[in-house]
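The next block holds one structure in the form of structure tokens; read it before the comments.
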Amino acid sequence: MTEMTLVESVAYDDGDIDTNPSTSTHLNELVARRYSRRSLMGGMSAMTTAVFGGALLTGCSDDDDGDVVTVSDGTTVQTQGGRVVTLSATASSNATTTSFKQVAGPTVAAVTSGNSITFVAPNVAQSTALVFEFSASNASGTSSERTTVNVLPATLDFTAVAKNKNDLVTVPANYTVTVLYRLGDPLASGVAAYANNGTDTNFAQRAGDHHDGMSYFGLAATGTAPDATSNTRGVLVMNHENITESYLHANGPTGLTGTGVRPEAEAIKEIEAHGVSVVEVTRAGNTGAWSYVQASTLNRRITPNTPMQFNGPARGNAALRTRVSSDGTRSNGTINNCANGQMPWQTYLTCEENWAGYFTRAAGDEAARTAANAAKQNVSLRRYGIGQGRTGNYRWTTVTPADASSTTFSRWNASVLANAAADGTQDFRNEPFTFGWVVEIDPFNPQSTPRKRTALGRMNHEGCWPGRTIAGVKPAFYMGDDAQNEYIYKFVSNVAWAAADATAADRLAIGDKYLDAGTLYVAKFNDDGTGTWLPLVFGQNGLTASNTTYPFADQADVLINTRLAADVLGATPMDRPEWTAVNPVNGEMYCTLTNNSSRRPVASGSQRAVDASNPRAYVDPRTTGTSTTGNANGHVIRLRETGDTTEATTFTWDIYAFGAGSDLDPVNINLSSLDATNDFSSPDGLWFGLSTNASGQVAPLLWLQTDDGAFTDVTNNQMLVGMPGRVGDGGTRQVTSTVAGASATVTTRIGAAPGAKLKRFLVGPVGCEITGISSTPDGRSVFVNIQHPGEGGEVSNITSNWPASQAGTAAGVRPRSATIVITKNDGGVVGL
Ligand code: FEO
Ligand code: CA
Ligand code: CA
Ligand code: CA
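Below is the structure:
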């Protein structure tokens, strides 16, 4: 026997539709078999293994229908980045050992099972050959065969989801949605399942409401420490921004209007349903179902009642003294947590957005403040939306607690109390200054005290996303202040990044290192496509005690009053800065500007005039309801730091995409030439695929989520995915805005039209916002939050039954905010 006859055949299964289409098996047939056999196989996990761990696989195709082909010995096959490839070989019966090895191309992490190997194709800039060798041996010798897998650059290879108003999460063909973690789900053993009828209590041990920003952290097998490579076990940390109070109580809330008084039990429930969840999640094997772990010792609810500490320059400042912290170093809790940040050292940032709305402030409180700093406090409170004569959103201050000494409700009253000390240590006049911060949480230490990072400034923090971390370069953290005509910020640490910090044991100490000392900057966008980061540093550029609007005392005063300081510097007022995201390949920063109903062709009162970076004001038509005026549909701006470094103080910018219905004026409104496959409105959530998988390599995926009221006559809120180019890939454009007879023309900077490189991937259920996204390191499981389905309804008029509706008919069931997991049926990278 010669060596060459030892190997009888090496058969490769892959997806090149050009190779042998006549032998193809349609994916739908495979899926049908898989599901029809499920009951015999005893579960999803076993089935998935049976299909995809074997010789069959989903292949690359150019027509989205997932053809599967078999290719023969030694043939060159073709796939594209992000696709699962399985190579199967057969050795003759007299072989005693077999093995695979990769002999050319970028190294892949292949899993060998018998005589087949499986791997996910890496992303590539151009067609790239991966060569594998299969060898079989016996006592007579060894024989080998090679095959070549040509990997093409990844594309958005799915059919765009159509706009719809169904009460379902809709994703493309060949994807699966699993509901993972819903409002009220118990987070400890012994906590009852959620009845979802308004009788449930103890939200400090249940999932909160209004799931929002979210990050996945890989968990080691020990169950206590991070493992940034784990794709099957992790902790999800997520914000619970707000509540839909109409569904939380048996018959809706009571005492919410007029002179009503809130029952204590209702207020406790509402307060505890806010905050943050830390919840362990696991996958049954590499391809099985995800579930959350009810009894995990890592599970934690952080609520508006959870003790926190201040760090950074404002720690101990007189403005932070309250009845619960006479030295201004501590406070209770966090609220209205919107977007987030995932730190390279495995901690989570939660950001306090519309916290001001919870506060009561008596009429006459301005005059009642008589301390030396009263005038400054009044200016500050007004600038942050806490004028006198207001009642908090949920009227918690009307509760008469059973325990008269409790401050759980009275703390939301920002009024000075008669005969209370002027320094604020006997009432809660200063409580509003304890909110508006970025808070760092260590998900792996449930006993740790979250730290409010005052160096990052105080505002309506939407999110806080790190730029690329490069050893020896000071890291930056990008932030939006979400209110009309507010600003975009970045914080640059005083110290350069050290790679070893990514795996340090004391994670909050690393947070101290990078987040407590540095320079906070605010963005100024120039009409010519350049921009400047203006430093918010006490003593510079008018941030002094002689400032006439607000005399700043020191750096802590600048940070506590970030907005006032940014006003002084002449930052550019934007159309509501929401999430920030950073392209992991080139470092460019994207920021959603969701919409702005106060943008006009010409400035008037609080209305701002269009400019190059906020160039549109128009009347957006609706088929039902009231039309929206201003920048009704929002846009996504992006910037490239000078020298591509996070330390830069100047940048260039353009606009990646303008939201618009595809039927709107292509000259002045639908500037990005959106069509039926990708038109959107009110971009909010924004996140790039991770560099650890194909979705974050070469041309990283940009996920874009909407929070809209202007387009909901056409479609429920949605999530798109794009493959953006880079700043400067388009050109300039003249835009004429016309509202009520006023008109103005500005020249903006616009990126290349996204075309087929932006597609609708998901449409949510009725009344929801899509917000919050993260993935496993391999990109094969993507977590998304569905916030407030059925918003606007009530117990007597339930307007959504999601997520119950996802599983079939669910009439009468109350809706619940929830986390879903999206997986591709062939196990590939989601979106590719
Ligand atoms: Fe909570 Fe600006 O969205
Ligand atoms: Ca948001
Ligand atoms: Ca929003
Ligand atoms: Ca919302």
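Counting along the sequence shown from 1, when you hit position 401 you're at 1176 in my numbering, and nothing is skipped either side. Ideal Cβ placement from N, Cα and C applies to all residues, glycine included.
Which residues are close to ligand 2, meaning CB closer than 7 Å to any heavy atom, in chain order?
-> ASP987, CYS1113, ALA1114, GLU1237, ASP1257, GLU1353, TRP1354, ASP1459, GLY1460, ASP1482, THR1546
Do you know offhand how far ARG1508's Cα is from ASN1443's?
-> 9 Å
Going by alpha carbons, who is nearest to ASP1350 out of ASP1287, ASN949, ASP1257?
-> Ranking ASP1287, ASN949, ASP1257 by Cα distance to ASP1350 puts ASP1257 first.
Give me the Cβ distance between PHE1536 and ASN1408, rounded to the nearest whole Å; I'm assuming they're in contact under 8 Å.
-> At roughly 19 Å, the Cβ-Cβ gap does not stay under 8 Å, so PHE1536 and ASN1408 are not in contact.
Go ahead and pull the three-state DSSP assignment for ILE892.
-> Looking at ILE892 - three-state DSSP - the assignment turns out to be strand.
If you draw a straight line from the alpha carbon of ALA774 to that of ARG1226, how long is it in whole angstroms?
-> The chain is shown only over 776 to 1607; residue 774 falls outside these bounds and no answer can be derived.
What's the C-alpha gap between GLN855 and LEU862?
-> 15 Å
Put TRP1120 into one of helix, strand or coil per three-state DSSP.
-> TRP1120 falls in the coil class under three-state DSSP.
Beta-carbon contacts of PHE1252 that lie in its chain and below 6 Å, excluding the five residues immediately before and after = CYS1239, PRO1241, PHE1266
If you run the structure through DSSP and keep just helix, strand and coil, what is LEU1607?
-> coil
Inter-residue spacing [alpha-carbon to alpha-carbon] between PRO1119 and ALA1143 = In a straight line, the C-alpha of PRO1119 is about 46 Å away from that of ALA1143.
Taking the continuous beta strand (DSSP E) assigned at ILE1545, which residues delimit it?
-> Residues 1544 to 1550.
Decide if ALA911 is buried, meaning its Cβ has at least 16 other Cβ atoms within 10 Å, or exposed.
-> buried
Helix, strand or coil: how does DSSP classify LEU1382 here?
-> Correcting the residue type first, residue 1382 is Gln in the shown sequence and not Leu. Of the three classes helix, strand and coil, the one that applies to GLN1382 here is strand, per DSSP.
GLY1568 versus HIS1049, VAL1588, LEU1290, residue with shortest Cα-Cα distance = VAL1588
Ordered along the chain, which non-local residues of its own chain (more than five positions away) have a Cβ less than 8 Å from that of LEU1309?
-> Cβ neighbours of LEU1309 beyond the five flanking positions: TYR1296, VAL1297, ALA1298, LYS1299, ASN1316, ALA1341, LEU1344, GLY1345, ALA1346.
Residue(s) in a DSSP beta bridge with PRO1001 = LEU994
If we ignore side chains and look at the alpha-carbon of each, how far apart do ARG858 and VAL895 end up?
-> Distance from the CA of ARG858 to the CA of VAL895, rounded to the nearest whole angstrom, comes to 5 Å.
When DSSP builds the beta bridges, which residues end up paired with MET754?
-> Given a span of 776 to 1607 for the chain in the structure shown, any question on residue 754 remains unanswerable.
Put SER1575 into one of helix, strand or coil per three-state DSSP.
-> coil
Helix, strand or coil: how does DSSP classify PHE1327 here?
-> coil
Per the contact definition of three or more C-beta pairs closer than 8 Å, is the region 1147 to 1155 in contact with the region 1004 to 1013?
-> no
Where does ILE1525 sit, in a helix, a strand or coil, going by DSSP?
-> strand
Which partner residues of ILE1561 appear in the DSSP bridge assignment?
-> BP columns for ILE1561 point to ILE1545, ALA1593.
Proximal residues to TYR1133 (C-beta, below 8 Å), its chain only, five neighbours per side dropped | ILE1110, ASN1111, GLY1167, ASN1168, TYR1169, TRP1171, TRP1187
With contact counted as at least three CB pairs below 8 Å, one residue from each stretch, are the region 1351 to 1362 and the region 1457 to 1473 in contact?
-> yes
For THR1173, the three-state DSSP class (helix, strand or coil) | helix
Length of the line joining the Cα atoms of PHE1426 and LEU1368 | 18 Å
Are at least three pairs of beta-carbons, each pair with one atom in the region 1027 to 1042 and one in the region 1525 to 1539, less than 8 Å apart?
-> No contact exists between the region 1027 to 1042 and the region 1525 to 1539.
State yes or no: is the C-beta of GLU1055 nearer than 7 Å to some heavy atom of ligand 1?
-> Every heavy atom of ligand 1 is 7 Å or more from the Cβ of GLU1055, so no.
Supposed contact pair ALA1387 and ARG1374 - C-beta distance, whole angstroms, cut 8 Å = That belief does not hold up - the Cβ atoms of ARG1374 and ALA1387 are roughly 13 Å apart, past 8 Å.
State the CB to CB distance for the pair ARG1338 and ARG1158, rounded to an integer number of angstroms; the pair is presumed to be in contact (CB under 8 Å).
-> A Cβ-Cβ distance of about 5 Å is found for the pair ARG1338 and ARG1158, placing them in contact under the 8 Å criterion.
Starting from the C-beta of THR823, find all residues in its chain whose C-beta is less than 7 Å away, skip the five residues before and the five after it, and write them out in chain order.
-> Since pLDDT at THR823 reaches only 20, below the 50 mark, its modelled position is unreliable, and the value read off the structure follows with that caveat. Around THR823: THR1062, GLY1063.
Please report how far the alpha carbon of ARG1076 lies from the alpha carbon of SER1550, in whole angstroms.
-> 21 Å
How many Å lie between ASN925 and THR1467 at the Cα?
-> 21 Å
Report yes or no: do the region 949 to 965 and the region 1583 to 1601 share at least 3 C-beta pairs separated by less than 8 Å?
-> yes
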